[in-house]
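First the structure, in the form of structure tokens, and then the observations on it.
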Amino acid sequence: MDTFEALTSRTTIHRFSEEPVDETSIDRALEAAVAAPNHKLTNPWRFTRIGDETQQSITELYLELKRESKGSLTDEQVREYRQKIGGPPVVIAVSQVLDDDAFRRKEDYAAVACAAQNLMLSLWNDGISSKWSTGSVTRHQETYHMLGIDADREEIVGFIFAGFPRDDHRDTQKPPREPLEDVVREVP
Ligand SMILES: Cc1cc2nc3c(=O)[nH]c(=O)nc-3n(C[C@H](O)[C@H](O)[C@H](O)COP(=O)(O)O)c2cc1C
0 MDTFEALTSR TTIHRFSEEP VDETSIDRAL EAAVAAPNHK LTNPWRFTRI GDETQQSITE
60 LYLELKRESK GSLTDEQVRE YRQKIGGPPV VIAVSQVLDD DAFRRKEDYA AVACAAQNLM
120 LSLWNDGISS KWSTGSVTRH QETYHMLGID ADREEIVGFI FAGFPRDDHR DTQKPPREPL
180 EDVVREVP
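Everything in the sequence shown is counted per numbering that gives the first Met the number 0, starting at 0 for the first residue and increasing by one.
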């Protein structure tokens, strides 16, 4: 896959099969992530690999939040929500070390976003799908606690779920973008 093809073909997958992901691909993706541009070489990114036990605890927290917002859940909803959070074989929390200076923080967020994209593109290049999620559970204080992240010093920018599409998500189409003429302008 050349770079342009990787950039334009990557698409978010929302449900994953149980098929495991090769550790080599994860290591490569993390290397790609830290190769992202970062102003002043602040290396503002941190990556927390979430193991099975913590993933299951986060899934339970997610179900609790869903019950709070929706009331009771059907068995089918519980199954689907468990699959959504507990199903992906790889979950990595990407976080940003928080600088005291507001402008540096903004630039560091941009750098961490580039790192997250590098991570997903490297996986994609190895045939592995992913999803960047900023759902409520990724921002919950209990999640910070479970991951050992001090929210005063570091902010979770998202979870990257990764693996292979579940059978009914294999044919996911990339959502179309607005045409270039609507988003590109030229000045003389
Ligand atoms: C900062 C950020 C946060 C995102 N959070 C979520 C999320 O919480 N839930 C979700 O379904 N998708 C999330 N996405 C994925 C987008 O929905 C997805 O990229 C978009 O639909 C375009 O699809 P594509 O990635 O296949 O091109 C997020 C993407 C970004 C960049």
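Even for Gly, the Cβ is constructed at its ideal location relative to N, Cα and C.
Keep in mind the model is a prediction, meaning the values are calculated, not measured.
With fewer than 16 other Cβ atoms from the protein chains shown falling within 10 Å of its own Cβ, L6 counts as exposed.
For C113, the CB contacts under 8 angstroms within the same chain, skipping 5 residues up- and downstream, are A35, P36 and N37 in chain order. DSSP, reduced to helix, strand and coil, places Q54 within a helical segment of the structure shown. In this structure, G162 lies near P88, with their beta-carbon atoms less than 8 angstroms apart. One Cα belongs to F15, the other to V186, and the distance between them is close to 45 angstroms. Within its own chain, the residues whose Cβ lies closer than 6 angstroms to the Cβ of S135, once the five positions on either side in sequence are excluded, are L64, listed in chain order. Here K130 is buried: its Cβ has 16 or more other Cβ atoms, across all protein chains shown, within 10 Å. If you check the C-beta of S132 against ligand 1, you find a heavy atom less than 7 angstroms away. Here T171 has T10, T11, I12, H13 and P164 as same chain residues with Cβ atoms under 8 angstroms from its own Cβ, once five neighbours each way along the sequence are excluded. Nearest to D151 by C-alpha distance, out of L122, V90 and D98, is D98. In this structure, ligand 1 has no non-hydrogen atom nearer than 7 angstroms to the beta-carbon of P187.
For K69, the three-state secondary structure derived from DSSP is helix.
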